[in-house]
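Worksheet: one structure, shown below.
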Amino acid sequence: MATEANANANSNGKLRDSLPDLTSRIVSTYKGCESVNHLGHSSLPSYREVVEILGDLREVLFPGYGRRQNLHMGNVAYHVGDLIDGLYDRLCQQLTRAFQHDCQAREPQTASEAKAEAYTIQFLERIPELRETAGGDVKAAFEGDPAASSLDEIVFCYPGVSAITVYRLAHELYNLGVPLIPRMMTEYAHGKTGIDIHPGARIGREFFIDHGTGVVVGQTTEIGDRVKIYQGVTLGALSFPRDEATGEVVRGRKRHPTIEHDVVIYANATILGGETTIGHHAVVGSSAWITRSVAPYTTVTIENPKLRYRESPDVRPDDAYPQRLNYQI
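The opening residue of the sequence shown carries number 1026 in the working numbering; numbering runs sequentially from there.
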């Protein structure tokens, strides 16, 4: 046994001896693959800090639903005050990093810090209105889903509400011109919920995403009030115009559709193009593919597909189910 142990130790030692050479080969790639390095530059915003900031913002928006649940009007001011004080410091730090990275340190650190402090205050001052908007989103989810038993269930359980809440926070920072952090926020929500909403999209009040998985809302999408969409819906770009001289994608143009008030879009529908408008009170059926505008009060559906039934030769009639299943979602 001792001999075997010594042999294993010697083998492990020889394998470990190769690690310095491996390290050198890895480091040598950092000069040739600079597009996936961040070396010698100012610090990036911390992903962990951004996620924790989102957690604290959720505590402020939905008090009593998060880490501390024994809140009442006698102590909530102390709890929220502590959160806001911490959020100010953390947001200032992360926004400073974002501004320094965006300008590649062309402006002094003090200038980035001053801008971060001003933008943090402007962002935090939006929280009262964001709470009102979040309440409308929760209400829309409750009224739009008969499976919901309470508003508490909506806040705790509905991925659509979670993704929309993160989007609304990120959108405020996006409108202020904060780089990188808004996208970090919405991509965190994307990973958690499967719902991809770009922080640049413009979305009205009482927005409801039912089920949610696979929903995509592009950067220049405009959505009105009281819109309801289901899982798998894509509000995307029809094409990407390119600069004739350089061949690069032209940025800054409207590429995604406009959805007016009171529209319902059912599962897996795809609506593409910056010139495409879905008129108010329209209904878009499941799996529809739309690249041109739809008039208000219009229902758009695809023709019913033709189904083919084939009995398996291995199943006798006596083995078949006595009745068809009543399948519902």
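The C-beta atom is built at its ideal place from N, Cα and C for all residues, glycine as well.
In terms of Cβ geometry, Val1101 and Tyr1213 do not form a close pair [threshold 8 angstroms].
In the DSSP annotation of this structure, the continuous segment of the alpha helix (DSSP H) that includes Leu1201 starts and ends at Pro1184 to Leu1201. Taking 8 angstroms as the cut-off, the Cβ atoms of Gly1169 and Phe1233 count as close. The secondary-structure analysis by DSSP pairs Lys1164 with nothing; it has no beta-bridge partner. The region 1235-1312 is shown to contain whole beta strand (DSSP E) runs of 3 or more residues at 1259-1261 and 1295-1297, in chain order. If you look at Val1075, you'll find it in the alpha helix (DSSP H) that goes Tyr1072 to Leu1086. For Asp1107, the enclosing alpha helix (DSSP H) covers residues Val1101 to Asp1127. Burial is judged here by how many other beta carbons sit within 10 angstroms of a residue's own beta carbon; Thr1316 has fewer than 16 and is exposed. Contact check for Gly1243 against Ala1270 fails: the beta carbons are separated by 8 angstroms or more.
The alpha-carbon of Asp1250 is positioned some 20 angstroms away from that of Ile1152.
The three-state reading of DSSP puts Ile1228 in strand, counting E and B together. One alpha carbon belongs to Arg1092, the other to Gln1118, and they sit about 24 angstroms apart. Bounds of any alpha helix (DSSP H) do not take in Ile1327, whose DSSP letter is neither H nor E. In this structure, Ile1296 lies away from Val1308, with their beta-carbon atoms at least 8 angstroms apart.
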